[in-house]
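Following this note's numbering, the residues of the sequence shown are numbered contiguously, the last one being 256. Cβ coordinates follow ideal geometry from the N, Cα and C atoms, glycine included.
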Amino acid sequence: MPFLRRSPSEDLTYGTDWDDDHTRRHFISKVCSIVALQMAVTTIITAIFLFVESANDLLMENSYIKWIALAGTLLTSLILICCNSVARKVPINYILLFLFTGFMALGVSCMSIYYTTRLILYAIGITLAICIALSLFAIFAPCDFTGWGPYLCVLSIVLVLMGLLAFFIRNRILSLVYCSLGLIIFSLYLVYDIQLMVGGRRNEFSEDDYIIAALGIYIDIIYIFIMILGILGLVDA
Numbered sequence: 020m021p022f023l024r025r026s027p028s029e030d031l032t033y034g035t036d037w038d039d040d041h042t043r044r045h046f047i048s049k050v051c052s053i054v055a056l057q058m059a060v061t062t063i064i065t066a067i068f069l070f071v072e073s074a075n076d077l078l079m080e081n082s083y084i085k086w087i088a089l090a091g092t093l094l095t096s097l098i099l100i101c102c103n104s105v106a107r108k109v110p111i112n113y114i115l116l117f118l119f120t121g122f123m124a125l126g127v128s129c130m131s132i133y134y135t136t137r138l139i140l141y142a143i144g145i146t147l148a149i150c151i152a153l154s155l156f157a158i159f160a161p162c163d164f165t166g167w168g169p170y171l172c173v174l175s176i177v178l179v180l181m182g183l184l185a186f187f188i189r190n191r192i193l194s195l196v197y198c199s200l201g202l203i204i205f206s207l208y209l210v211y212d213i214q215l216m217v218g219g220r221r222n223e224f225s226e227d228d229y230i231i232a233a234l235g236i237y238i239d240i241i242y243i244f245i246m247i248l249g250i251l252g253l254v255d256a
């Protein structure tokens, strides 16, 4: 990922005060604040569809909504990830991130309505514990995961193919393996993205990539939750 590498020709922050502790702390604080806001919006939207009967019925009776949510998340995320200039330009980057968060929250709602409140609360608690543990590991561990991008990309392709297989072959064991593999992959992604955000390793986000950093960490957390909820649902069944 060239835009993550620090060099005189490629890194816009090379030779600036990006390595200054105050500047880096400001960047980390900004990213964490954006992710916290995304999680709050997702929680509120999901709670509305879970506990407001009319909203719940809307999702139950209109299955096409989940496809709208999927298309919306793919479109907005691809624009932000593939177009660096757009991801760094205010306010369009915030608008696209807000739209992405809304579509993602809608997708989470479409999935969550098929699970009990008990399982959802368990999944939230486990997700919180895992994310805290992985964050501490990413920050304090001497291991450098920032060079793992290509390997994680390959694992993601494997996960997508397995997901398609699990979609057409309704098998409980296959679904459990898929969710378990997904949990491992997105846990690795979370460590990878946090180390890119914190910096001080081979690769790191540039100062203007706060939207991309927030997008990546948010996606990691959401999919960790989704995979855990899927595992709990399969075990409970």
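Express the C-alpha separation of Arg220 and Ala88 in angstroms, rounding to a whole number.
C-alpha separation (whole angstroms): 36 angstroms.
Among Leu115, Cys150 and Phe205, whose alpha-carbon lies nearest the alpha-carbon of Ile176?
The shortest C-alpha separation from Ile176 is found at Phe205.
To the nearest angstrom, report how far apart Leu77 and Leu155 are at their CA atoms.
Taking the straight line from one Cα to the other gives about 40 angstroms.
Could you give the distance in angstroms between the alpha-carbon of Tyr208 and the alpha-carbon of Ile245?
In a straight line, the C-alpha of Tyr208 is about 15 angstroms away from that of Ile245.
Straight-line CA distance for Leu153 to Ser104?
So the alpha carbons of these two residues sit roughly 30 angstroms apart.
In the structure shown, what three-state DSSP assignment does Asn81 receive?
Note: Asn81 maps to coil in three-state DSSP.
Using 10 angstroms around the beta-carbon of Asn81, count the other beta-carbons present and answer buried if the total reaches 16, otherwise exposed.
Exposed is the call here.
Have a look at Val127, Phe117 and Arg44 and flag the residue whose alpha-carbon is nearest the alpha-carbon of Asn75.
Taking only the C-alpha atoms, the option nearest Asn75 is Val127.
Helix, strand or coil for Asn222, going by three-state DSSP, please let me know.
Looking at Asn222 - three-state DSSP - the assignment turns out to be strand.
Give, in chain order, every unbroken run of the alpha helix (DSSP H) that is at least 4 residues long and sits entirely within the segment 98 to 157.
Entirely contained in the segment 98 to 157, the alpha helix (DSSP H) runs reaching 4 residues are, in chain order, 103 to 106 and 111 to 131.
Out of Arg189, Ser131 and Leu215, which has the shortest C-alpha to C-alpha gap to Gly166?
Checked all of Arg189, Ser131 and Leu215; the closest Cα to Gly166 is Leu215.
Can you give me the start and stop residues for the alpha helix (DSSP H) that Pro169 sits inside?
Counting along the chain, the alpha helix (DSSP H) containing Pro169 begins and ends at Gly168 to Phe187.
If you draw a straight line from the alpha carbon of Gly252 to that of His41, how long is it in whole angstroms?
Taking the straight line joining both Cα atoms gives about 44 angstroms.
Out of Gly91, Thr65, Leu200 and Asp212, which has the shortest C-alpha to C-alpha gap to Ile250?
Answer by Cα proximity: Leu200.
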